[in-house]
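For what it's worth, this note's numbering labels the leading residue of the sequence shown as 197, then goes sequentially.
Just so it is clear, CB atoms sit at the ideal spot from N, CA and C, and this is done for glycine as well.
Taking it in order: structure first as structure tokens, then the write-up.
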Amino acid sequence: DPGAGSRLSIAESLTNLIWVPIVDQLKGVSLSANWMWPAKNQGENARLYQAVEALSNFAIQLGINIPTGKDSLSMTQKYPDGETVFAPGTVIISAAGQVADIKQAIGPIAYPKAGLPLLYINFSRSPMELGGSSFAQTQNKIGKKTPDVKDANYFINAFNAVQSLISQGAIKSGHDISAGGLVTTLLEMNFANCDHGMEINLHVFNEPDAVKILFSENPAIVIQVEDREKVCDLLSNQGVDFIEIGQMVVERTLTFIRSDDKKIRLDIDRLRDVWFETSYQLDIKQSGEGFARCRFQNYKRQDLSFSFNKTFTGKAIDFGIDMHRRIPSGTKAAIIREKGVNGDREMAYAMYLAGFDVKDVHMTDLIAGREDLSDVHLIVFVGGFSNSDVLGSAKGWAGAFLFNEKAAKSLENFYARKDTLSLGVCNGCQLMTELNLIYPKHPEQVRMLHNESGKFESGFVNLDIAENNSVMLHSLSGNRLGAWIAHGEGKFSFPCFSDNYHIVMKYSYDLYPGNPNGSDWSAAAICSNNGRHLAMMPHLERSFLPWQWPIYPEMHQHDEVSPWMEAFVNARKWIEKWI
């Protein structure tokens with residue numbers, strides 16, 4: 197059914213997008229359509245026409261536009277023996293809208309509190325069917341009857357009603373129902389938790405077939421709420437079909453209660469291992485058996501946990517920060533860029549919020565002599581992939597300093613001053629070690645090596661900040677924080693014993709993937725003997741706002757800034773003593 201396929205593609209893109217408050221709700225959404233079709237084969241042009249027509253009509257009924265897209269209409273493979281294979285006709289929909297408040301985004305992780313109700317909201321209003329579902333494919337079948345979206349006006353009401361609930365803060369968590377059906381949705385809501393489970397009543401559905409309830413992929417969502425009465429009243433007033441299907445329970449199981457009161461109990465943690473098995477098999481091909489098994493064994497042992505200073509309030513005003521500052525402060529800092537870096541904008545914004553007037557200095561400015569760093573007190577070498585890492589991480593960037601007289605002199609003069617600080621993050625950290633800026637008097641310099649896993653690592657990791665003398669990090673001693681990492685050559689290799697270095701920050705776990713690169717002594721950051729110069733692999737500039745974290749402590753949900761902002765404020769306060 198090409199028409200149903202088109203409508204389902206739009207529906208799934210929208211039930212994915214629904215979890216953030218969108219300006220103008222559904223009217224504020226725009227779509228992009230990518231057609232993948234084996235056109236010019238018997239019957240396929242007609243099916244393509246039906247699909248395009250259905251997509252157009254459904255979008256018009258929803259009141260949303262499709263201003264762009266592309267097509268790949270040669271999805272046919274012919275073999276020398278005469279066999280021809282057609283790709284299934286598909287339209288891929290991407291949905292976009294302006295977010296009203298990113299801090300109100302709803303996550304898919306079920307909140308672990310017994311008794312919280314779970315509601316099923318129907319977006320389809322069509323019978324539950326298994327055609328085209330993941331379940332059908334596991335049985336080597338496609339099926340004849342597919343789900344559909346029967347009423348566009350109802351879909352609009354349901355979408356906007358959920359948007360209103362999100363804007364009012366009435367939803368704790370939520371997940372769309374798509375590939376894998378309801379059972380997959382509920383399991384995925386529990387996989388990222390460490391405890392609790394769910395008890396689900398199947399007899400509340402107007403469908404006698406439990407297999408269809410669990411595995412059909414009719415457009416719908418599941419939400420977890422606290423104020424049942426408020427949510428139910430709003431949905432009822434909007435004419436939205438919903439069912440209270442169950443609640444959170446203390447037991448670590450997903451339990452389904454059938455109409456005959458028989459119970460089906462699923463072990464969440466065992467099924468999480470089954471779910472992770474595919475990633476494990478792919479990991480073997482990328483990193484080898486050892487690292488793949490290490491990740492598989494540790495992925496649920498290395499939970500993210502955080503510990504902030506007791507005095508940390510999360511309020512910008514307590515750091516002397518004006519989030520809407522428009523007046524120069526007089527405290528100057530510079531971003532140092534090379535072609536290929538990509539962390540400059542986040543870093544500049546973090547520094548600006550902390551009270552710096554930030555200059556953008558490209559390597560060509562230093563090489564040509566247009567800038568000499570004499571007017572700034574803090575320089576930051578930002579992260580990214582300078583020169584595409586063609587010569588190795590930061591090797592080309594280092595060469596731009598070493599083999600250009602004006603750039604080299606500017607850097608030398610800057611580090612000779614007593615009123616300066618420097619920070620290198622990721623690619624900038626690699627640059628600082630390559631130029632030996634942290635321990636210039638050591639006979640052998642610290643090296644940054646390829647990750648032991650043999651591949652690029654990207655993720656959110658736990659970090660322990662040790663007692664330290666770093667200007668930027670000293671006040672965060674004893675904290676356990678989280679930050680993003682993204683690097684291929686992040687392993688600190690130290691030629692001497694650890695007491696020769698100031699390792700100010702370590703990965704909280706020694707084993708992979710908690711230690712993502714195999715750094716000696718789990719090192720994540722080092723600083724100079726005088727504490728003024730800091731080199732770190734994790735991206736603090738991508739983690740200084742709470743909503744940048746994938747998970748943030750519940751008791752700090754109203755924070756304006758994360759503890760990482762303190763590092764930038766410390767730098768500003770230190771410099772203010774000199775100017």
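Check: Coarse secondary structure for D831, derived from DSSP in three states; Outcome: Residue 831 lies beyond the stretch modelled for the chain, which goes from 197 to 775, so this question has no answer here.
Check: From S205, N237 and I441, residue whose alpha carbon lies closest to that of A229; Outcome: S205
Check: Contacting residues, own chain, Cβ-Cβ under 6 Å from L462 (five flanking each side not counted); Outcome: L450
Check: Neighbourhood of L627 by C-beta, 7 Å cutoff - its chain only, sequence neighbours within 5 removed; Outcome: F577, A590, W593, A594 and G620
Check: Cβ shell of G650 (< 8 Å), same chain only, five flanking positions each side left out; Outcome: Q482, S483, G484 and F487
Check: Reduced DSSP category for G580 - H, G, I as helix; E, B as strand; rest coil; Outcome: strand
Check: Cut-off 6 Å between Cβ atoms - residues of its own chain near M324, not counting five sequence neighbours on either side; Outcome: E403, K408, S412 and N414
Check: Per-residue DSSP class, three states only, for M668; Outcome: coil
Check: Per-residue burial, W233 [other beta carbons within 10 Å of its own, 16 or more giving buried]; Outcome: buried
Check: Inter-stretch contact (C-beta, 8 Å, three-pair minimum) for the stretch 635 to 652 and the stretch 689 to 706; Outcome: yes
Check: Residues of its chain near Y316, where Cβ-Cβ distance is below 7 Å and the 5 sequence neighbours each way are ignored; Outcome: A416, V418, F438, I439 and I441
Check: DSSP three-state assignment for F508, whether helix, strand or coil; Outcome: coil
Check: Distance, D423 Cα to N647 Cα; Outcome: 47 Å
Check: Cβ neighbours of I367 in the same chain (closer than 8 Å, five flanking residues each side left out); Outcome: I302, V358, L361, I419, Q420, V421 and V427
Check: As assigned by DSSP and simplified to three states, the class of N400; Outcome: The sequence shown places Val at residue 400, not Asn. Note: V400 maps to helix in three-state DSSP.
Check: Rounded distance between the beta-carbons of G393 and E447, thought under 8 Å; Outcome: 5 Å
Check: Contact under 8 Å by Cβ, G293 with V219; Outcome: yes
Check: Q498, buried or exposed, once every other Cβ within 10 Å from all chains shown has been counted against 16; Outcome: buried
Check: Nearest to S290 (by Cα), restricted to the options V345, G376, I260 and I771; Outcome: I260
Check: Option nearest F652 by Cα separation, candidates M519, P712 and D344; Outcome: P712
Check: Residue of F764, E279, D277 and V757 minimising C-alpha distance to M519; Outcome: V757
Check: Residues near M668 in its chain [Cβ-Cβ closer than 6 Å; skip 5 each side]; Outcome: L730, A763, N766 and A767
Check: For K702 and A719, believed in contact at Cβ under 8 Å, the rounded distance; Outcome: 6 Å
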